[in-house]
Amino acid sequence: MKIFSESHKTVFVVDHCPYMAESCRQHVEFDMLVKNRTQGIIPLAPISKSLWTCSVESSMEYCRIMYDIFPFKKLLMAALATVGPPNPRADPECCSILHGLVAAVETLCKITEYQHEARTLLMENAERVGNRGRIICITNAKSDSHVRMLEDCVQETIHEHNKLAANSDHLMQIQKCELVLIHTYPVGEDSLVSDRPKKELSPVLTSEVHSVRAGRHLATKLNVLVQQHFDLASTTITNIPMKEEQHANTSANYDVELLHHKDAHVDFLRSGDTHSGSSSREGPFKETVTLKWCTPRTNSIVFSFVSELHYCTGAYRISPVDVNSRPSSCLTNFLLNGRSVLLEQPRKSGSKVISHMLSSHGGEIFLHVLSSSRSILEDPPSISEGCGGRVTDYRITDFGEFMRENRLTPFLDPRYKMDASLEIPLERAKDQLEKHTRYWPMIISQTTIFNMQAVVPLASVIVKESLTEEDVLNCQKTIYNLVDMERKNDPLPISTVGTRGKGPKRDEQYRIMWNELETLVRAHVSNSEKHQRVLECLMACRSKPPEEEERKKRGRKREDREDKSEQAVKEHGPEKPRPDSDRLKGILERGKEELAEAEVIKDSPDSPEPPNKKPLVEIDETPHMEKSKGPVSLLSLWSNRINTANSRKHQEFAGRLNSVNNRAELYQHLKEENGEEAGLTGGTGGPRTSIPFLKCSHSPGVNRMETTENGKASRQ
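Take the sequence shown: its letter number 95 is residue 95 in the UniProt record's numbering, and every next letter is one higher.
Have a look at this one:
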């Protein structure tokens, strides 16, 4: 509840006009108050309360509940104790309700003790202390126009007193006032005033109208209003064993309804278990959480601290709804005598869950909220036993860093408590947490960019509320680095957990990476205009030229063929020899594809220019002589393919081009010189120099060189 909200000041105005002396016409049997009825005595006639008595009792019940739950820093007028019953013969003008409304506005302008302490603490910023209040007026109006006249009176009075308070050090201007008009009338009559929900009459005043019959109906209405005004909730304790007063040896089960702050049900609201233990009742507040009575415990000095201590997350004061009933009185006395009661949630199946406990401290009864989950004293569960199943690849290290970045610290500046216009630090922390969790995968296998060190500069700054020019440049630089990685076909840290085979192709990996990066940036694009610039840079870099897409498409086809062949080998074993025609067909198809790919690569601006620009020889462009010879052998086709591929890489050796049977004689000039010398000497049988020859043989994929001397071969 906000400090100095409308609930800080509540003023009751009860009409004291002569009409309030009328009977409410709700009878009370007098003989019900007599325990032992004597035979022969005529019972007394039923009695009924006046409208004034019903109004005062309902107002006091409102005050009792409020003081039971909030004993401090809440103020209520106590002037009703000095007012006597209304006089039926009194002049209506002298006891007009208008005088009470004017007095209520004057009371709201007065500075309370708590407001004075806050103003003294803030000193120069004393105007930040708010002054808000509520006026509850119980009257018997004549018509809807009479109600509007009362509202106009309150509005004019607030305007006049705010002018006086502006020039006074002992008064405060009213910033907000809630006017609750309750029209009460006897049971059996028709109401002349219609209900109306809360309506804003001015920036300072809001009004709502309730038309209620007197008696228990008026008490129920104020019981509902106190829950609305002070954020209360209802809990019903069922199956309370209690001995019968007439039969001491027997017992019966009773129910007791308690009111408390609604935070005692916050765990139910989060888990959605309120419907499992809720029941209906009359009035706008139809839900009350039902809890079952468990075996009580004794609070003594010698109780076992380890076995009896329960992990408590909150304690809230309680107030019985029907404080004068026998079950409520017995339960209150039972708890005030030093006993504690555990309360469990009623369930149709499964084990019982103890969620609350009733116990007294210092003469006051509290409803304790017990933790129904694991206790902090227990060993933490294994990370693989979470809600997602047996998952073992959580981003534990990243989550630890995430917690350090969003750690909360105490903030003790009182200005934020007094001035509602200042942004509360807790709300600012929640906003930051919301930004950091817009896209945050919890499992390593579900993300790619958070596993890449190259994306860290962008991921760490994109979550900011605003970016600097340097941040934008760093994000753009990160995107350009990713584009360069894709151009170089660098591998990505793709997790293969739970997948079969080698995982997605390289192009598919980059597509997944770009999609995830776009999701991250789009989640924060609404933060500022500079976030939009980062997204525009990302989308511009994602668009690729057509030739790049064509090259990647052919690469994917080639990888698919390789994967299919590997899969076939795994499933059916080594491939059996196929006919020469099938082999020839496959070799021709692969040769055409590689030649086409080489042509595209040659024309690409990123590829280096080959050292020897020779026109590429197509497979089909074989010499006419070879075509006319009939079927070509597989060895010839394979050799032609290798020669064509080698011709694109480097210029062939002259010796190999002019060789006979893949043999080339080296140092021919030495042989010729020796021959000339032999001719000059005129003999062939004389001494002759041994000439070494280098034999170069070539077979598919193998180059071998041998030297021969005197007909003997040796390998070097």
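All C-beta atoms, glycine included, are put in the ideal place defined by N, C-alpha and C.
Since the model is a prediction, treat every value here as computed from it, not as a measurement.
Where does residue i fall in DSSP's three states?
i           : result
residue 102 : helix
residue 362 : coil
residue 310 : coil
residue 422 : coil
residue 667 : coil
residue 56  : helix
residue 628 : Its pLDDT being 45, under 50, residue 628 is placed unreliably in this model, and the value from its coordinates should be taken loosely. Helix, per DSSP.
residue 728 : This structure cannot speak to residue 728, because the chain is shown only from 1 to 716.
residue 172 : coil
residue 95  : coil
residue 324 : coil
residue 28  : strand
residue 352 : coil
residue 138 : strand
residue 433 : helix
residue 340 : strand
residue 525 : coil
residue 405 : helix
residue 345 : strand
residue 9   : strand
residue 143 : coil
residue 257 : strand
residue 280 : Reliability fails at residue 280, whose pLDDT of 48 lies under 50, so the model's placement of it is uncertain and the value that follows must be treated cautiously. DSSP places residue 280 in coil when its eight states are reduced to three.
residue 505 : coil
residue 717 : Here the chain comprises residues numbered 1 to 716, so residue 717 is not present and cannot be evaluated.
residue 154 : helix
residue 192 : coil
residue 70  : coil
residue 4   : coil
Strictly by DSSP, which residues pair up with residue i?
i           : result
residue 133 : 177
residue 637 : Looking at the DSSP assignment, residue 637 forms no beta bridge with any residue, so it has no partner.
residue 368 : 315 and 357
residue 116 : None; residue 116 has no bridge partner.
residue 290 : 236
residue 47  : 28
residue 717 : Nothing about residue 717 can be read from this structure; the chain reaches only from 1 to 716.
residue 184 : 212
residue 14  : 138
residue 199 : 207
residue 394 : 443
residue 23  : 50
residue 110 : 171
Just mark residue i as buried or exposed, buried being the case when its beta carbon has 16 or more other beta carbons within 10 Å.
i           : result
residue 347 : exposed
residue 221 : buried
residue 223 : buried
residue 184 : buried
residue 172 : buried
residue 20  : buried
residue 130 : buried
residue 399 : exposed
residue 324 : exposed
residue 618 : Any reading at residue 618 needs caution, since the residue's pLDDT is 42, under 50, leaving its predicted position unreliable; the model's value is listed next. Label assigned to residue 618: exposed.
residue 189 : exposed
residue 136 : buried
residue 66  : buried
residue 689 : Low local confidence applies: a pLDDT of 43 at residue 689 is under 50, so the model's placement there is unreliable, with the coordinate-based value given in what follows. It counts as exposed.
Please determine, among the options, the residue with the shortest C-alpha to C-alpha distance to residue i.
i           : options               : result
residue 287 : 316, 313 and 257      : 257
residue 442 : 478, 402, 484 and 475 : 402
residue 360 : 353, 352, 290 and 342 : 342
residue 745 : 328, 521, 157 and 429 : Outside the displayed span of the chain (1 to 716) sits residue 745, for which this structure offers no information.
residue 508 : 535, 521, 491 and 632 : 491
residue 204 : 355, 151 and 27       : 151
residue 330 : 253, 212, 71 and 7    : 253
residue 455 : 483, 433, 470 and 434 : 483
residue 201 : 180, 215, 184 and 193 : 180
residue 104 : 119, 218, 466 and 158 : 158
residue 358 : 294, 475, 323 and 400 : 294
residue 465 : 433, 13 and 510       : 433
residue 143 : 115, 195 and 424      : 195
residue 511 : 449, 523 and 459      : 449
residue 234 : 210, 268, 241 and 208 : 268
If we cut at 8 Å on Cβ distances, does residue i have a partner in chain D?
i          : result
residue 18 : Chain labels in this structure do not include chain D; a single protein chain is all it has.
* Please go through the stretch 437-488 and give each complete alpha helix (DSSP H) segment of 4 or more residues, from N-terminal end onward. => 456-461 and 469-487
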